[in-house]
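These notes concern the structure reproduced below.
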Amino acid sequence: MRPLRLDVAGFTVFREHAVLDLTDADLFALVGPTGSGKSSLLDAMCFALYGTVPRWGKRGGVAGVLAPSSAEARVRLVFEASGQRYAASRVVRRVG
859 MRPLRLDVAG FTVFREHAVL DLTDADLFAL VGPTGSGKSS LLDAMCFALY GTVPRWGKRG
919 GVAGVLAPSS AEARVRLVFE ASGQRYAASR VVRRVG
């Protein structure tokens, strides 16, 4: 599987819409200071594909997905596997 594009909004630390475009990247590294969202990008990929994030363990759930003060989280991962292009999307909304 090769990730091509990740769109996140309202997901963990990403309150605003953010895009990680890897379409033209043969190799990439996620670098930045502590707390800048590197792990959250990988979490978003897992969440888009599987609906959960393994490193969150039992504490996960919807509450862990939503950015503080966000009513909705959106994650969309476009990836390529076996020469085919796919998209996996998840939307979580706070109710009440």
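Take the sequence shown: its position 72, counted from the start at 1, is 930 in the numbering used here, and no numbers get skipped. Virtual Cβ for every residue (Gly too), placed ideally from N, Cα, C.
Query                                                                                                                                                     : Result
Between which residues of its own chain and K896 is the CB-CB distance below 6 Å, once the five residues before and five after are set aside?             : L888, G890
If you compare alpha carbons, which of R952, L935, A931 is closest to P861?                                                                               : L935
What do you reckon, is the C-beta of R863 under 8 Å from a heavy atom of the ligand NAD?                                                                  : Annotation note on the ligand NAD: not contained in the displayed structure, which lists no ligands.
Between the region 920-934 and the region 866-878, do at least 3 Cβ pairs fall closer than 8 Å?                                                           : yes
Sorted by chain position, which residues of the same chain lie with C-beta nearer than 8 Å to Y944's C-beta, five sequence neighbours on each side aside? : V936, F937, E938
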